[in-house]
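Below is one structure; the comments refer to it alone.
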Amino acid sequence: EAGVAQSPRYKIIEKRQSVAFWCNPISGHATLYWYQQILGQGPKLLIQFQNNGVVDDSQLPKDRFSAERLKGVDSTLKIQPAKLEDSAVYLCASSYNRNTEAFFGQGTRLTVV
Amino acid sequence: AQKVTQAQTEISVVEKEDVTLDCVYETRDTTYYLFWYKQPPSGELVFLIRRNSFDEQNEISGRYSWNFQKSTSSFNFTITASQVVDSAVYFCALSEGGRNTDKLIFGTGTRLQVFP
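Quick note, the sequences are listed as chains A and B, same order. The first sequence finishes on residue 214 if you use my numbering, and the numbering steps up by one all the way, no holes. The second sequence finishes on residue 117 if you use my numbering, and the numbering steps up by one all the way, no holes.
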């Protein structure tokens with residue numbers, strides 16, 4: 102079974118530029134999550150989708166971050182404009198349904214300079 | 002408020018030693034789930050175990066074992082006869098059931114280094 106796919110693996114941008122990350126979850130998984138992991142910390146949820154609807158985006162900085170999951174399958178996370186403090190690893194995860202174990206992708210390491 | 006505390010920032014052991022990683026959690030919910038994940042240098046979080054709040058039985062899987070104690074709000078993880086391949090950052094996480102979201106609340110992680 103293929104795992105959660107994310108791209109790109111690495112991205113370096115200048116502050117105030119925009120960037121987008123892509124995630125393809127495990128086939129058949131209804132729930133999709135985006136987490137932000139700052140160096141030395143545990144991951145923090147940015148947004149959770151159930152199929153193509155948003156379940157929780159309470160910690161998403163909506164003035165600069167946006168995410169969508171069209172057709173309830175793959176998802177994109179965008180940052181516009183980026184700030185230095187957005188430097189982190191962005192992890193996508195999926196689960197078969199709510200409250201089942203989540204499987205994570207390898208993440209996208211973003212560096213904002 | 003929900004919180005997960007992993008007080009051990011870094012642990013170093015020599016191969017074949019046993020090592021226990023501590024996890025203490027806080028929640029007001031009666032239904033919740035506890036998890037352990039392993040994060041090797043490649044960056045991917047690897048699922049190890051999920052435990053619900055109504056199941057306090059300890060679990061053993063090969064060299065791994067978990068001790069869940071509701072009385073002390075702890076969910077500790079022991080690796081027996083550690084190996085170099087166990088070197089990674091280990092995260093304990095909490096998810097609260099019965100809510101609209103089942104987001105994982107992670108601790109800050111414990112970096113385990115196993116030396117040959």
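Even glycine gets a Cβ: it sits at the ideal position worked out from N, Cα and C. The structure displayed is predicted, hence computed values, not measured ones.
{"Check": "Below-8 Å beta-carbon distance, A/Arg199 vs any chain B residue", "Outcome": "yes"}
{"Check": "Extent of the continuous beta strand (DSSP E) run through B/Glu1", "Outcome": "A query on residue 1 of chain B cannot be resolved here, the shown segment of chain B reaching from 2 to 117 and no further."}
{"Check": "CA nearest to the CA of B/Thr79, picked from B/Ala94, B/Cys24, B/Val5 and B/Lys4", "Outcome": "B/Cys24"}
{"Check": "Classification of B/Thr111 by the beta-carbon crowding that lies within 10 angstroms, buried from 16 upward", "Outcome": "buried"}
{"Check": "Cβ neighbour criterion (16 or more within 10 Å) applied to A/Val155", "Outcome": "exposed"}
{"Check": "Stretch-stretch touch, CB-based, cutoff 8 Å, three pairs: the stretch 34 to 49 of chain B with the stretch 195 to 211 of chain A", "Outcome": "yes"}
{"Check": "Candidates A/Ser195, A/Ile148, A/Arg199 and A/Ile114, of which the one nearest A/Leu178 by Cα", "Outcome": "A/Ile148"}
{"Check": "A/Gly173 - DSSP class collapsed to helix/strand/coil", "Outcome": "helix"}
{"Check": "For A/Gln151, the nearest candidate out of A/Lys184, A/Gly104 and A/Ala194 (CA to CA)", "Outcome": "A/Ala194"}
{"Check": "Per-residue contacts from A/Pro144 into chain B (C-beta, under 8 Å)", "Outcome": "Leu46, Phe92, Leu105 and Phe107"}
{"Check": "C-alpha distance - A/Pro144 paired with A/Ala106, whole-angstrom precision", "Outcome": "18 Å"}
{"Check": "For B/Phe92 and B/Ala82, the rounded distance between their alpha carbons", "Outcome": "20 Å"}
{"Check": "Endpoints, beta strand (DSSP E) assigned at B/Lys39", "Outcome": "Tyr33 to Gln40"}
{"Check": "Minimum Cβ-Cβ distance from B/Thr102 to chain A less than 8 Å", "Outcome": "yes"}
{"Check": "CB-CB length for A/Ser188 against A/Leu161, believed under 8 Å", "Outcome": "About 17 Å separates the two Cβ atoms, so there is no contact after all."}
{"Check": "Integer Cβ distance of B/Ser96 from B/Tyr26, believed to fall under 8 Å", "Outcome": "With 8 Å as the limit, B/Ser96 and B/Tyr26 do not qualify as a contact, their Cβ atoms being about 10 Å apart."}
{"Check": "A/Leu146 beta carbon less than 8 Å from that of B/Val104", "Outcome": "The identity of residue 104 of chain B in the sequence shown is Lys, whereas the question assumes Val. Their beta carbons are under 8 Å apart, which means B/Lys104 touches A/Leu146 by this criterion."}
{"Check": "DSSP-derived helix/strand/coil call for B/Ser75", "Outcome": "strand"}
{"Check": "B/Asn59 burial status per 10 Å Cβ neighbour count (16 or more: buried)", "Outcome": "exposed"}
{"Check": "contact_flag[the stretch 9 to 23 of chain B, the stretch 166 to 175 of chain A] where n(CB pairs < 8 Å) is 3 or more", "Outcome": "no"}
{"Check": "Top-ranked residue by Cα proximity to B/Gln19, from B/Ala94, B/Thr102 and B/Asp87", "Outcome": "Checking the sequence, you will find Asp at residue 19 of chain B rather than Gln. Checking every option, the nearest Cα to that of B/Asp19 belongs to B/Asp87."}
{"Check": "Below-8 Å beta-carbon distance, B/Ala110 vs any chain A residue", "Outcome": "Per the sequence presented here, residue 110 of chain B reads as Gly, with Ala not at that position. For B/Gly110, the answer is yes, since a Cβ of chain A falls inside 8 Å of its Cβ."}
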